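**Q** Right, I'll just put the structure down here and ask away after.
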Amino acid sequence: MKKSVAAAGLAVLLASSGVTSAALADGNEEVLEEQEQEEQAQQDEENQDGEEEVVPEEEPLESLTLELAIEFALNENTSLLLLEDRLAHLKSQLGGSENDYEDILDDIEDLEDEMDDLRDVQKETGQRTFQSRLQLQNQIEALEDQLEPLEDSFRQMNSNIASMEYDKERAAEGIKLSTTSTYMQLLSTRDQIDFLKDSLETERKRVKNVETRFDIGVASWEELDQAQREVTRLQSQIDQLETQLEGNLSVFALNIGVVYDPEITLEAPDTDSLPKITQETPTEELIENSYGMKQAKEALALAKADRDDIYEDEDANSHDREQADLNVQVEERNIAQLREDMRRTIQDTFNQATTQYQVVQEAKREVSLAEYDYDRLKIQVDIGVLPRAEYELAAAQIDQARHDYDTEKQNYYLIVQQIESIRNGLIQQSQ
Numbered sequence: 005m006k007k008s009v010a011a012a013g014l015a016v017l018l019a020s021s022g023v024t025s026a027a028l029a030d031g032n033e034e035v036l037e038e039q040e041q042e043e044q045a046q047q048d049e050e051n052q053d054g055e056e057e058v059v060p061e062e063e064p065l066e067s068l069t070l071e072l073a074i075e076f077a078l079n080e081n082t083s084l085l086l087l088e089d090r091l092a093h094l095k096s097q098l099g100g101s102e103n104d105y106e107d108i109l110d111d112i113e114d115l116e117d118e119m120d121d122l123r124d125v126q127k128e129t130g131q132r133t134f135q136s137r138l139q140l141q142n143q144i145e146a147l148e149d150q151l152e153p154l155e156d157s158f159r160q161m162n163s164n165i166a167s168m169e170y171d172k173e174r175a176a177e178g179i180k181l182s183t184t185s186t187y188m189q190l191l192s193t194r195d196q197i198d199f200l201k202d203s204l205e206t207e208r209k210r211v212k213n214v215e216t217r218f219d220i221g222v223a224s225w226e227e228l229d230q231a232q233r234e235v236t237r238l239q240s241q242i243d244q245l246e247t248q249l250e251g252n253l254s255v256f257a258l259n260i261g262v263v264y265d266p267e268i269t270l271e272a273p274d275t276d277s278l279p280k281i282t283q284e285t286p287t288e289e290l291i292e293n294s295y296g297m298k299q300a301k302e303a304l305a306l307a308k309a310d311r312d313d314i315y316e317d318e319d320a321n322s323h324d325r326e327q328a329d330l331n332v333q334v335e336e337r338n339i340a341q342l343r344e345d346m347r348r349t350i351q352d353t354f355n356q357a358t359t360q361y362q363v364v365q366e367a368k369r370e371v372s373l374a375e376y377d378y379d380r381l382k383i384q385v386d387i388g389v390l391p392r393a394e395y396e397l398a399a400a401q402i403d404q405a406r407h408d409y410d411t412e413k414q415n416y417y418l419i420v421q422q423i424e425s426i427r428n429g430l431i432q433q434s435q
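Below, the structure written as structure tokens:
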């Protein structure tokens with residue numbers, strides 16, 4: 005009997021153990037499966053985050069115009085961006101101070117209302133309110149003492165904001181002009197390379213001609229050697245200019261925030277329809293409208309306002325007044341010197357424009373003369389009285405004249421842009 009019970013108990017225990025093991029096994033599988041799912045989800049999330057962090061590379065530009073280059077330069081110039089941030093911060097400070105000023109005025113108004121109420125109470129009830137009103141008066145005077153420093157701060161901040169606005173506008177105009185100057189220099193270098201390559205091709209033809217003449221004994225070794233040296237010189241000059249252009253172009257691309265591509269095409273601005281520049285706006289008006297003069301006058305106005313405050317201050321001594329007078333005098337002399345420098349700059353720039361316009365017209369006439377000579381020589385070649393080599397040399401002279409003409413037009417274009425900047429308020433003083 006005991007054996008049967010023991011056997012039955014053992015069977016139950018074994019059965020129970022089997023169930024428990026199976027249950028544990030099933031539970032472990034579920035836990036492992038959930039853990040694997042969590043790990044997979046985490047891995048997918050990390051992969052997704054990694055994909056989101058990948059920033060697609062900018063495509064290099066195939067071509068670039070001057071207008072687009074200026075737009076890029078204005079958007080990428082860190083000095084201009086920093087100036088805008090400082091200006092926004094200063095305006096925010098001014099707004100906060102103005103709010104404080106209004107709060108103080110509200111507090112003063114509330115205290116004055118309390119004073120009126122206390123007077124009414126004394127009139128109606130006979131209750132003495134002098135002590136309370138005295139305390140309120142002291143509070144009002146303390147608040148009023150806070151207003152004057154804030155007003156001085158407003159004047160200083162408003163002056164700084166105005167000056168910084170002029171700085172920002174002047175910086176933007178300066179970026180436009182400097183970008184234009186660099187862009188035109190790159191174009192000039194590229195055109196010089198193209199011209200030299202054409203000259204090199206012409207010189208190589210000349211070398212072959214001299215070699216033929218040398219072989220038949222009608223040309224000297226010195227003539228052949230000189231022609232070959234010219235080919236070497238031109239090739240060396242081309243290599244140097246191409247290296248220079250590549251370096252300058254890469255720096256320019258970096259400065260305006262575009263991807264550098266040595267194969268980028270620089271589109272030339274229209275330099276054929278530039279009119280003769282005349283000064284339509286009087287010099288003094290150009291000076292008054294310039295950012296530099298506006299900024300100088302803002303500094304003078306601030307110095308005068310500070311001087312007035314010092315003269316009205318009963319605690320100021322003679323030294324304070326003398327120093328305030330000197331500050332005003334310095335700003336006035338600065339304006340006088342600035343006006344003189346600006347007047348000279350304006351005159352020089354317009355004179356340069358007049359001179360360069362004449363240079364352009366002369367270069368244009370040289371092209372016409374070279375083309376005329378070329379056509380005249382062609383007739384002589386056709387009738388057999390002139391060697392073709394001299395005719396080809398005349399063609400090279402046309403290329404030279406056209407290259408010089410294009411170069412002078414680019415120089416005139418740059419001067420025109422300088423005058424446009426003067427009209428827009430940027431007058432760069434002559435050194």
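Going left to right, the sequence shown walks through residues 5 to 435 as the numbering used here numbers them. Even for Gly, the Cβ is constructed at its ideal location relative to N, Cα and C. Computed from a predicted structure; not experimentally measured.
1. Please report how far the alpha carbon of A307 lies from the alpha carbon of N293, in whole angstroms.
2. Leaving out five residues on either side along the sequence, give the residues of the same chain with a beta carbon under 7 angstroms from the beta carbon of E234.
3. State the CB to CB distance for the pair L68 and I268, rounded to an integer number of angstroms; the pair is presumed to be in contact (CB under 8 angstroms).
4. Considering only their Cβ atoms, is the gap separating Y417 from T275 smaller than 8 angstroms?
5. Buried or exposed: V364, going by 16 or more other Cβ atoms within 10 Å of its Cβ?
6. Label G296 either buried or exposed according to how many other C-beta atoms from any shown protein chain fall within 10 Å of its C-beta, with 16 as the threshold for buried.
7. The ligand HEM and D408: does the residue's C-beta get closer than 7 angstroms to at least one heavy atom of that ligand?
8. For S436, which three-state DSSP category applies?
9. Buried or exposed: A146, going by 16 or more other Cβ atoms within 10 Å of its Cβ?
10. If distances are taken between C-alpha atoms only, which option among Y376, K180 and F354 comes closest to E284?
11. By Cβ distance below 8 angstroms, which residues in the same chain neighbour Y264 in space, the five residues on each side in sequence not counted?
12. Buried or exposed: where does A26 fall if 16 or more other Cβ atoms within 10 Å of its Cβ makes it buried?
13. Sorted by chain position, which residues of the same chain lie with C-beta nearer than 8 angstroms to K95's C-beta, five sequence neighbours on each side aside?
14. Does DSSP put L36 in a helix, a strand or coil?
15. Using DSSP with H/G/I as helix, E/B as strand and the rest coil, what is I426?
16. Whole angstroms are fine: how far does the CA of A300 sit from the CA of A398?
17. In chain order, which alpha helix (DSSP H) runs of at least 4 residues are fully inside the segment 265 to 352?
18. Straight-line CA distance for S192 to A303?
19. CB N338 to CB D310, shorter than 8 angstroms?
20. Buried or exposed for E34, going by 16 or more other Cβ atoms inside 10 Å?
21. Please go through the segment 114 to 166 and give each complete beta strand (DSSP E) segment of 3 or more residues, from N-terminal end onward.
22. Under 8 angstroms Cβ to Cβ from L204, same chain only, skipping five residues before and after it: list those, please.
23. Given that a residue counts as buried once 16 or more other Cβ atoms are within 10 Å of its Cβ, and exposed if not, what is L86?
24. Since L270 and I197 are thought to touch, with beta carbons under 8 angstroms apart, how far apart are those beta carbons, to the nearest angstrom?
25. Start and end of the alpha helix (DSSP H) containing E80?
26. Pull up the distance between the alpha-carbon of D195 and that of H407, whole angstroms please.
27. Roughly how many angstroms lie between the CA atoms of A92 and T82, to the nearest whole one?
28. Inspect the beta-carbon positions of T133 and L122 and report whether they are closer than 8 angstroms.
29. Excluding the 5 residues flanking E375 on each side, which residues of the same chain have their C-beta closer than 7 angstroms to its C-beta?
30. Can you grab the Cα-Cα spacing for the pair D89 / L115, in whole Å?
31. Have a look at V262 and F76 and give me their C-alpha separation to the nearest angstrom.
32. Per DSSP, S67 forms a beta bridge with which residues?
33. Excluding sequence positions up to five away, which residues of its chain have a Cβ less than 7 angstroms from the Cβ of P273?
34. Measuring straight from C-alpha to C-alpha, what distance separates Q244 and E394?
35. Buried or exposed: which applies to R174, given that a residue is buried once 16 or more other Cβ atoms fall within 10 Å of its Cβ?
**A** Taking the definition as stated:
1. 21 angstroms
2. E207
3. 6 angstroms
4. yes
5. buried
6. buried
7. This structure lacks the ligand HEM; in fact it carries no ligand of any kind.
8. Since the first and last residues shown for the chain are 5 and 435, residue 436 lies out of range.
9. exposed
10. F354
11. P64, L253, S254, A257 and L258
12. In this prediction, A26 scores a pLDDT of 40, lower than 50, which makes its location untrustworthy; no coordinate-derived value is stated.
13. I165
14. Residue confidence is low: L36 scores 47 on pLDDT, short of 50, so the model does not pin down where it sits. Its coordinate-derived value is still stated next. Correct three-state label for L36: helix.
15. helix
16. 58 angstroms
17. 287 to 292 and 295 to 316
18. 42 angstroms
19. no
20. Residue placement at E34 is flagged as unreliable, the pLDDT there being 48, under the threshold of 50; the coordinate-derived value follows with that caveat. It counts as exposed.
21. none
22. V235, L238, Q239 and I242
23. exposed
24. The Cβ separation is near 12 angstroms, so there is no contact.
25. L70 to E80
26. 8 angstroms
27. 15 angstroms
28. yes
29. I402
30. 39 angstroms
31. 8 angstroms
32. T269
33. L70 and Y417
34. 30 angstroms
35. buried
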